[in-house]
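I have placed the structure first, in the form of structure tokens, so that the comments after it can refer back to it.
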Amino acid sequence: SGSAIPADLASLESEVRSYSRAWPAVFRSASGSRLRTDTGDSYLDFFAGAGSLNYGHNNPVLKRALLEYLDADGITHGLDMMTSAKADFLRAFQAKVLDPRGLDHKVQFTGPTGTNAVEAALKLARKVTGRHAVAAFTHAFHGMSLGSLAVTAGPKQAGAGIPVGHTLRLPYDGFGTSGGSGLDLFEELLKDCGSGVEVPAAVIVETVQGEGGVNVASVDWLQRLASLCERWEMLLILDDVQTGCGRTGHFFSFESAGIRPDLVCLSKSISGYGLPMALLLLRPQFDVWKPGEHNGTFRGNNPAFVTATAALANYWADSTLTEATERNSHRIGEFLDRIARAHPEFGLRSRGRGLMWGIAFDRPDLARLISRESFARGLVIETSGAQSQVLKILPPLTITEAELDEGLGVIGDAIDKLAA
Ligand code: PMP
Numbered sequence: 014s015g016s017a018i019p020a021d022l023a024s025l026e027s028e029v030r031s032y033s034r035a036w037p038a039v040f041r042s043a044s045g046s047r048l049r050t051d052t053g054d055s056y057l058d059f060f061a062g063a064g065s066l067n068y069g070h071n072n073p074v075l076k077r078a079l080l081e082y083l084d085a086d087g088i089t090h091g092l093d094m095m096t097s098a099k100a101d102f103l104r105a106f107q108a109k110v111l112d113p114r115g116l117d118h119k120v121q122f123t124g125p126t127g128t129n130a131v132e133a134a135l136k137l138a139r140k141v142t143g144r145h146a147v148a149a150f151t152h153a154f155h156g157m158s159l160g161s162l163a164v165t166a167g168p169k170q171a172g173a174g175i176p177v178g179h180t181l182r183l184p185y186d187g188f189g190t191s192g193g194s195g196l197d198l199f200e201e202l203l204k205d206c207g208s209g210v211e212v213p214a215a216v217i218v219e220t221v222q223g224e225g226g227v228n229v230a231s232v233d234w235l236q237r238l239a240s241l242c243e244r245w246e247m248l249l250i251l252d253d254v255q256t257g258c259g260r261t262g263h264f265f266s267f268e269s270a271g272i273r274p275d276l277v278c279l280s281k282s283i284s285g286y287g288l289p290m291a292l293l294l295l296r297p298q299f300d301v302w303k304p305g306e307h308n309g310t311f312r313g314n315n316p317a318f319v320t321a322t323a324a325l326a327n328y329w330a331d332s333t334l335t336e337a338t339e340r341n342s343h344r345i346g347e348f349l350d351r352i353a354r355a356h357p358e359f360g361l362r363s364r365g366r367g368l369m370w371g372i373a374f375d376r377p378d379l380a381r382l383i384s385r386e387s388f389a390r391g392l393v394i395e396t397s398g399a400q401s402q403v404l405k406i407l408p409p410l411t412i413t414e415a416e417l418d419e420g421l422g423v424i425g426d427a428i429d430k431l432a433a
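UniProt numbering puts the first residue of the sequence shown at 14, with every later residue one more than the last.
Below, the structure written as structure tokens:
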């Protein structure tokens with residue numbers, strides 16, 4: 014394609030960022046589900062800013078709202094002040110998201126990233142219960158600060174000094190209808206807590222583990238986890254940072270399980286435009302913060318409130334987006350079944366919900382190779398899992414059927430090429 018990362022930039026940017034190495038191009042502009050490079054090449058986007066662009070790049074409705082707001086000298090930084098942009102967002106969130114689902118959670122704006130929302134949740138759970146430990150799962154990803162990293166699993170805990178001493182690690186094994194024995198073990202531990210083991214303050218969980226390899230928890234397993242939390246008075250923290258805002262079909266990923274988490278972390282696609290914004294939803298009885306107890310300069314990203322409000326008004330007034338997501342999800346599932354049948358030699362296993370699908374292979378290096386082959390054919394697609402062993406399909410929810418088929422076709426071609 015002729016595009017590449019210029020040598021001066023390659024030496025300037027830390028090796029810690031992998032995407033710039035995986036995708037050797039300089040991207041300039043994007044709209045909908047397409048990215049364009051400096052050299053005029055076009056790429057279909059099956060990554061969507063790691064789930065931050067559920068409504069696509071530069072969504073025209075959101076863009077218009079933002080431009081009008083800036084044009085009218087709308088406030089860009091308001092700390093905790095009430096602003097009209099914040100008021101509009103809060104009212105829209107209540108009307109379009111909370112009320113229709115019978116949720117009475119309060120909204121806490123945290124620092125601007127998902128990590129910040131998780132950090133606030135962990136701190137609040139400890140404050141509410143007066144206990145310290147938090148139960149978290151294998152393969153979990155919750156963020157990069159020390160607290161959120163302590164509940165994150167695996168190789169990202171590279172640095173020393175992560176305070177994992179208060180983390181109780183449980184197996185994430187709730188697949189299929191019955192699931193594994195992890196929650197039986199947890200229940201046994203809880204029953205034994207009188208003998209010196211502290212009941213955790215909270216359990217933090219993803220309904221689908223995004224970074225951990227697209228592991229999909231069953232409804233039964235989530236319900237059992239929620240009932241364990243209720244019985245032992247542990248707060249259930251649902252990390253909907255990647256799975257929220259419609260990614261799995263409904264606005265919240267836990268809706269289909271009929272559970273009611275105590276705390277919900279939202280970020281990534283909540284602003285809808287790729288603007289930093291994060292929030293914690295908390296049941297009113299847990300709003301025990303004292304004024305100023307958990308602050309942060311960038312809690313009030315007003316331009317993000319504006320695009321978030323436009324996204325709620327445009328996409329969450331009815332079920333159109335949910336229905337489209339479910340249709341497209343089905344399309345992906347069928348396609349992957351066909352590919353699995355065509356290539357038994359790769360031992361392909363697929364799983365997903367909504368527009369979040371993972372493809373695992375017998376050979377752990379295949380996902381990376383397919384990602385690279387796909388890029389050469391005009392598709393941006395990432396891997397996930399501790400060994401990057403799972404190819405992750407994460408397109409904007411607004412993708413058209415034709416674009417979806419085009420991207421899936423590229424994956425199919427890449428797999429054919431590797432099989433040849
Ligand atoms: N929780 C989950 C489930 C995530 O997927 C991520 C980001 N990949 C985070 C938390 C952290 O969010 P951020 O990178 O915005 O801090």
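The beta carbon of each residue, even a glycine, is placed where N, CA and C say it ideally should be.
- Rounded to the nearest whole angstrom, the CA to CA distance from residue 251 to residue 433 is 43 Å.
- Under the three-state reduction of DSSP output, residue 333 falls in the helix class.
- Sorted by chain position, residues whose beta-carbon lies closer than 6 Å to a non-hydrogen atom of the ligand PMP are 63, 126, 127, 128, 131, 154, 155, 156, 219, 223, 224, 252, 254, 255 and 280.
- C-alpha of residue 88 to C-alpha of residue 51: approximately 32 Å in a straight line.
- Taking C-beta separations shorter than 7 Å and ignoring five residues to either side along the sequence, the partners of residue 330 in its chain run 109, following chain order.
- Straight-line measurement puts the Cα of residue 341 at about 11 Å from the Cα of residue 421.
- Classified as buried, residue 219 has 16 or more neighbouring CB atoms from the shown chains inside 10 Å of its CB.
- Rounded to the nearest angstrom, the gap between the Cα atoms of residue 415 and residue 344 is 11 Å.
- Under the DSSP assignment, residue 276 falls in the beta strand (DSSP E) whose first and last residues are 276 to 279.
- C-alpha of residue 145 to C-alpha of residue 185: approximately 21 Å in a straight line.
- Between the stretch 254 to 266 and the stretch 367 to 374, the count of C-beta pairs closer than 8 Å reaches three or more; the two stretches touch.
- For the pair residue 148 and residue 181, the CB atoms are nearer than the 8 Å cut-off.
- Note on geometry: alpha-carbon atoms of residue 75 and residue 167 lie some 37 Å from one another.
- Counting along the chain, residue 128 sits inside the alpha helix (DSSP H) bounded by residues 127 to 142.
- When rounded, the separation of the alpha-carbon atoms in residue 385 and residue 394 is 8 Å.
- One thing to note: residue 371 has its Cβ within 8 Å of the Cβ of residue 226.
- Rounded to the nearest whole angstrom, the C-alpha separation of residue 322 and residue 290 is 12 Å.
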